[in-house]
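See structure below.
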Amino acid sequence: MERIKYFLVGENGTARDFGLLILRLVFAFVLLYGHGYGKMSVIFSGQEIQFMDPIGIGITSSFYLAAFAEGLCAVLLILGLFSRIASLILTINFVVIFIFHAFIVNDAFEVLEMRYLYLFTFLALTFTGPGRFSLDYVLFSSKNNKRNI
Numbered sequence: 005m006e007r008i009k010y011f012l013v014g015e016n017g018t019a020r021d022f023g024l025l026i027l028r029l030v031f032a033f034v035l036l037y038g039h040g041y042g043k044m045s046v047i048f049s050g051q052e053i054q055f056m057d058p059i060g061i062g063i064t065s066s067f068y069l070a071a072f073a074e075g076l077c078a079v080l081l082i083l084g085l086f087s088r089i090a091s092l093i094l095t096i097n098f099v100v101i102f103i104f105h106a107f108i109v110n111d112a113f114e115v116l117e118m119r120y121l122y123l124f125t126f127l128a129l130t131f132t133g134p135g136r137f138s139l140d141y142v143l144f145s146s147k148n149n150k151r152n153i
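Residues in the sequence shown are numbered from 5 upward in steps of one, following our numbering.
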């Protein structure tokens, strides 16, 4: 019975950190592969930028901000480097995306579903941080505070 109670409510740092690693890797990789890579390819190939201007700063600036968030910040999350900053930038990015698609384009829930998932996953990672299995932990955690990885 004690094992069941521990499984349900016990603190297991390694399992928590492994869960954060999976969350970071899956969401960042899917975002990078599905959105960031394409935007970065447009920038580096010199193709014409076709994008919306949801915050009134111009199509090109909006595109570059989205490419930065969905490309570079996704890579940073995969590495676990500057994770809270990258997660915060991605959270802001998806707040803008969500507001634009929910209230201006009036998309249905089915279209907004992935935006919800990205938004709240990156918000959660902003609060929790990347966990032990990250470059942030290796580089920035004080030696007295580090547990064995």
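The beta carbon of each residue, even a glycine, is placed where N, CA and C say it ideally should be.
Supposed close pair residue i, residue j - CB separation, criterion 8 angstroms
i: Thr95; j: Leu27; result: No, Thr95 and Leu27 are not in contact; Cβ-Cβ is about 14 angstroms, not under 8 angstroms.
i: Leu116; j: Ala106; result: 6 angstroms
i: Leu194; j: Val79; result: This structure gives no information on residue 194, because the portion of the chain shown stretches from 5 to 153.
i: Phe102; j: Asp21; result: Not quite, the Cβ-Cβ distance comes to about 29 angstroms (not below 8 angstroms), so this is no contact.
Helix, strand or coil at residue i according to DSSP, with G and I counted as helix
i: Arg136; result: coil
i: Met56; result: coil
i: Phe107; result: helix
i: Gly40; result: helix
i: Leu85; result: coil
i: Ile61; result: coil
i: Asn16; result: coil
Beta-carbon spacing of residue i, residue j below 8 angstroms
i: Phe31; j: Ile53; result: no
i: Phe98; j: Leu123; result: yes
Rounded separation between residue i and residue j - CA only
i: Phe104; j: Asp57; result: 10 angstroms
i: Gly75; j: Met5; result: 46 angstroms
i: Leu83; j: Leu69; result: 20 angstroms
i: Gly42; j: Phe113; result: 25 angstroms
i: Leu24; j: Gly62; result: 36 angstroms
i: Gly40; j: Ser146; result: 33 angstroms
i: Phe55; j: Ala71; result: 11 angstroms
i: Val100; j: Thr132; result: 22 angstroms
i: Ile93; j: Leu12; result: 33 angstroms
i: Ala19; j: Gly38; result: 28 angstroms
i: Leu129; j: Ile59; result: 25 angstroms
i: Phe144; j: Val109; result: 42 angstroms
i: Gly50; j: Pro134; result: 34 angstroms
Short CB-CB distance (under 8 angstroms) between residue i and chain C
i: Pro134; result: Looking for chain C here will not work: only one protein chain is present.
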